[in-house]
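See below for the structure under consideration.
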Amino acid sequence: NPRFGECLGGRAMGDAINAFFAGTLSAEEALDETAEAWQDIAGGELAPVD
Numbered sequence: 302n303p304r305f306g307e308c309l310g311g312r313a314m315g316d317a318i319n320a321f322f323a324g325t326l327s328a329e330e331a332l333d334e335t336a337e338a339w340q341d342i343a344g345g346e347l348a349p350v351d
């Protein structure tokens, strides 16, 4: 069972949050990205990241 940050949804969420703090995504874009990541997680997309 992978840890949250090692699953695809968790990695995508972390990337979006990091991009927001780096200034490369707006708050709205980061929220959209994290919402998509939550949908992936809720849908069972917990495959480990290679």
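Following this note's numbering, the numbering of the sequence shown begins with 302 at its first residue and continues without gaps.
Each residue gets a CB set at the ideal place from its N, CA and C atoms; glycine is no exception.
From residue i to residue j, what distance separates their C-alpha atoms?
i           : j           : result
residue 342 : residue 333 : 14 Å
residue 325 : residue 312 : 17 Å
residue 316 : residue 323 : 10 Å
residue 320 : residue 344 : 24 Å
So, under 8 Å CB-CB, residue i and residue j are touching, yes? Tell me the CB distance rounded to an integer number of Å.
i           : j           : result
residue 331 : residue 318 : 6 Å
residue 328 : residue 310 : 20 Å between Cβ atoms; not a contact.
Mind pulling the beta strand (DSSP E) runs of 3 or more residues that sit fully within the region 319–343?
none
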